[in-house]
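Inspection log for the structure reproduced underneath, given as structure tokens.
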């Protein structure tokens, strides 16, 4: 896992140069949003269960996947879906705090699409639920932090599509 700081430093180090104004601007922007990120993470942590619950209600609850014969019909499958959404929320929060999506590749996306396809998990419904979670989260954390979190939710959706 990298963070924004490590990413900027590694980029300059690979080139064998000091941090230029562009690199320093990236660091300034990251540090300037530090308090916003921490407040957002605190709000998300305190409301994680309700975020997931509301996202499921908005996107999946009355869809084909929850009806008899649907992919989330059994209690076990429904619980697995809730678990996965909670997992995505947690790792999107970590990525937002780090200012870098690499943890999403390492801990979430590597092999996930293939696993879902082999298990018959509907990717479209998963993406729809993640987008609903993005909307619910933005409503709780505010526009600026919601926009930042949206980057990482979109990254997960893109990796699944």
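Residue numbers (our numbering): 10 to 170.
The C-beta atom is built at its ideal place from N, Cα and C for all residues, glycine as well.
Keep in mind it's a predicted model, so treat the numbers as computed, not measured.
*Using 10 angstroms around the beta-carbon of residue 143, count the other beta-carbons present and answer buried if the total reaches 16, otherwise exposed.*
Counting Cβ neighbours within 10 Å, residue 143 comes out buried, since at least 16 surround it.
*Grab me the residues of residue 56's own chain with a C-beta within less than 8 Å of its C-beta, minus the 5 sequence neighbours each way, in chain order.*
Within the same chain, residue 56 has close Cβ partners 149.
*Quick one: using the 10 Å Cβ neighbour count with 16 as the cut-off for buried, is residue 115 buried or exposed?*
Here residue 115 is exposed, its C-beta having fewer than 16 other C-beta atoms within 10 Å.
*What is the DSSP secondary structure of residue 11, reduced to helix, strand or coil?*
In the structure shown, residue 11 sits in coil (DSSP, three-state: anything other than H, G, I, E or B).
*asked:* Between 94, 137, 166, 14, which has its C-alpha nearest residue 40's C-alpha?
replied: The shortest Cα separation from residue 40 among 94, 137, 166, 14 belongs to 14.
*Between the Cα of residue 139 and the Cα atoms of 30, 26, 64, which residue gives the shortest distance?*
When the alpha-carbon of residue 139 is set against those of 30, 26, 64, the nearest one is in 64.
*Which same chain residues, not among the five before or five after residue 28, have their C-beta less than 8 Å away from its C-beta?*
The residues are 17, 18, 21, 36.
*asked:* Tell me which residues share the same chain as residue 98 and place their Cβ nearer than 8 Å to its Cβ, disregarding the 5 neighbours each side in the sequence.
replied: Counting only Cβ-Cβ distances below 8 Å, and skipping sequence neighbours, we find 53, 57, 60, 61, 142, 146.
*asked:* My assumption, with CB atoms under 8 Å, is that residue 91 sits in contact with residue 103. Please give the rounded CB distance.
replied: Actually they are not in contact, since the Cβ atoms of residue 91 and residue 103 sit about 19 Å apart, beyond 8 Å.
*Enumerate in chain order the residues of its own chain whose CB-to-CB distance from residue 32 is below 6 Å, with the five nearest sequence positions on each side excluded.*
Within the same chain, residue 32 has close Cβ partners 17, 21.
_Between the alpha carbons of residue 181 and residue 163, how many angstroms are there, rounded?_
Past the boundaries of the shown model lies residue 181; the chain is included only from 10 to 170, so the question cannot be answered.
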